[in-house]
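Remarks on the structure that follows.
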Amino acid sequence: MKVELEPAAVRGFRFAGVSAGLKSKAGALDLGLIAADRPAAAAAVFSANRVKAAPVYVTAERVKSGRLQAVVANSGCANSFTGAEGMRLARDSCAEVARLLGCAPELVVPSSTGVIGHLYDFAKFKSGAADAVRSIREDGLADFAHAIMTTDTRAKTASTSFKAGGATIRLAGAVKGVGMISPKMATMLGYLVTDAMIAPSLLKKSLKSALPASFNAITVDGDMSTNDTVIIMASGAAENRAFGAREQATFDRAVGEISAALARELVRDGEGATKLVTVEVRGARNPADAERAARQIANSPLVKTAFFGCDPNVGRILMAAGSSGAYLEPDKLVLWIGGVKVALNGRLLTEALAAAGAAMREREFAVRLDLRLGKSSARILTCDLSYDYVRINAEYTT
1384 MKVELEPAAV RGFRFAGVSA GLKSKAGALD LGLIAADRPA AAAAVFSANR VKAAPVYVTA
1444 ERVKSGRLQA VVANSGCANS FTGAEGMRLA RDSCAEVARL LGCAPELVVP SSTGVIGHLY
1504 DFAKFKSGAA DAVRSIREDG LADFAHAIMT TDTRAKTAST SFKAGGATIR LAGAVKGVGM
1564 ISPKMATMLG YLVTDAMIAP SLLKKSLKSA LPASFNAITV DGDMSTNDTV IIMASGAAEN
1624 RAFGAREQAT FDRAVGEISA ALARELVRDG EGATKLVTVE VRGARNPADA ERAARQIANS
1684 PLVKTAFFGC DPNVGRILMA AGSSGAYLEP DKLVLWIGGV KVALNGRLLT EALAAAGAAM
1744 REREFAVRLD LRLGKSSARI LTCDLSYDYV RINAEYTT
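For the sequence shown, position 271 matches number 1654 in our numbering, and the numbering has no gaps at all.
Put into structure tokens, the structure is as follows:
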């Protein structure tokens, strides 16, 4: 199936993105709404951070029913580390949206992103919510995607369609997040919608199966947000017959491909990023070792600054792998940078460094480390660490 990095209408859903004045920049879209025509099957995953935002707690509790009708998401304020008042604000916000839509408050869930430790202005939220409900439309996913942006430089959407259960199924998604990106359960704010008729339990299974190769296989800076949430909703408007095993596999593959495409766009737009780098570790004794080594390389500030400078600093890559806790034997490993072999049998191939440096000047390249100890592998998508990353985060609240 073909995945397009474009928004698409999905039967049974409408979307909006409006300016509610919650961001400091006048006129910026900062309040997004997804609404289903009727209660939809739903599932979600959340941040594993022990400091969780109020919207995460509210959404986690309400999605247990397997049914949701609306998501309201604001940018400009995370409503995290805000205590009982933040919980009340999250619930009151959902109640207001439910009133405007004419549905039960328990079917509405909140998401927030922005600065931690602050509350947004509820009066502005109410006014914005009314605008969102008035402007909601089937082709409004692009506006929604813009409204949830923080330091993102562009909106991120993807869509696809495929045949299953005797019907054409549509699937679309939107994500935000270019900093504080490193996963356990989820990595940012992400929303997937489909018109498939599917049980909540199968929807949850499909979402979780997509995580390891998509949202859980990326990093920008190794830091995990307090607000990370990924929600998937299914309207059933396609009126397909129940999926058999093969059709369920097709649906799962679609969710995986959309998730992977969106995850890739998150890293491509990483704060200040100029490089998109695939770090692959193969030949590890077990999957845990492969994961440890790949993630340590992908998160190392020394390695990431070398990426930015197009510096084929083999020592920093091997330092990261060796400090990861993964078992390795230096005399056995082989390392490639941008397809150029730069280390073999315990020594640096100095004659190859110029070619590796030239390969690193590309917008995208790969680092591949073969430990030659087993059959396990892991792949992490990362980016470089640039001057702009420091500037953006040094000035984030000031």
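All residues carry an ideal CB built from backbone N, CA and C; glycine is no exception.
From the DSSP output, in three-state form, read off residue i for me.
i: D1420; result: strand
i: F1505; result: helix
i: P1713; result: coil
i: D1672; result: helix
i: R1762; result: strand
i: P1493; result: strand
i: V1603; result: coil
i: R1624; result: coil
i: D1767; result: coil
i: A1380; result: Nothing can be reported for residue 1380: it is not among the residues displayed for the chain, which extend from 1384 to 1781.
i: I1519; result: coil
i: K1724; result: strand
i: T1780; result: coil
Following the continuous beta strand (DSSP E) through residue i, name the residue where it begins and the one where it ends.
i: I1614; result: 1612-1617
i: D1475; result: D1475 -> not in any beta strand (DSSP E); alpha helix (DSSP H) instead, spanning 1466-1484.
i: N1784; result: The structure shown does not extend to residue 1784, since the chain is modelled only from 1384 to 1781, so the question has no answer here.
i: Y1772; result: First-last for Y1772: 1770-1777, but that is the alpha helix (DSSP H), not the beta strand (DSSP E).
i: G1666; result: 1659-1667
i: V1342; result: A question about residue 1342 goes unanswered here, because the residues of the chain that appear run from 1384 up to 1781.
i: L1554; result: 1550-1559
What span of residues does the alpha helix (DSSP H) with residue i cover, start to end?
i: F1634; result: 1628-1651
i: V1393; result: Counting along the chain, V1393 falls outside any alpha helix (DSSP H), and DSSP gives it neither H nor E.
i: F1527; result: 1524-1530
i: R1445; result: 1437-1445
i: S1597; result: Here S1597 belongs to no alpha helix (DSSP H), and DSSP marks it neither H nor E.
i: R1699; result: 1697-1705
i: A1538; result: Segment: none, A1538 is in no alpha helix (DSSP H) and carries neither H nor E.
i: T1688; result: 1684-1691
Can you have a look at residue i and say buried or exposed, based on whether 16 or more other CB atoms are within 10 angstroms of its CB?
i: E1778; result: exposed
i: N1610; result: buried
i: K1758; result: exposed
i: D1522; result: exposed
i: V1613; result: buried
i: E1389; result: exposed
i: L1685; result: exposed
i: T1765; result: buried
i: G1698; result: exposed
i: E1747; result: exposed
i: K1658; result: buried
i: R1517; result: exposed
i: V1498; result: exposed
i: M1571; result: buried
Going by CA-CA distance only, name the one from the options that's closest to residue i.
i: A1461; options: T1496, L1718, A1676; result: T1496
i: A1456; options: S1707, G1415, A1399, A1737; result: G1415
i: A1689; options: V1750, L1716, E1648, S1642; result: V1750
i: F1398; options: G1410, A1409, E1387, D1420; result: D1420
i: S1448; options: V1650, V1491, V1393; result: V1491
i: R1537; options: P1583, I1552, R1651; result: R1651
i: S1476; options: V1446, V1498, I1499, K1507; result: K1507
i: R1678; options: I1700, T1465, K1658; result: I1700
i: R1665; options: A1487, G1410, A1761, Q1452; result: A1761
i: G1639; options: V1662, L1575, V1686; result: L1575
i: N1599; options: L1649, R1433, D1714; result: L1649
i: D1535; options: D1604, L1727, G1560; result: G1560
i: R1675; options: S1707, G1548, D1504; result: S1707
i: V1717; options: A1703, A1709, L1732, Y1710; result: L1732
i: L1590; options: T1602, G1573, V1603; result: G1573
Assuming residue i and residue j make a contact with CB atoms under 8 Å, what is their CB distance in whole Å?
i: G1459; j: L1405; result: 4 Å
i: Y1772; j: E1654; result: 5 Å
i: F1634; j: A1579; result: 6 Å
i: A1481; j: L1451; result: Rounded, the Cβ-Cβ distance is 11 Å, inconsistent with contact.
i: A1742; j: I1763; result: Going by Cβ atoms, the distance from A1742 to I1763 rounds to 19 Å, so no, they are not a contact pair.
i: S1618; j: A1423; result: 5 Å
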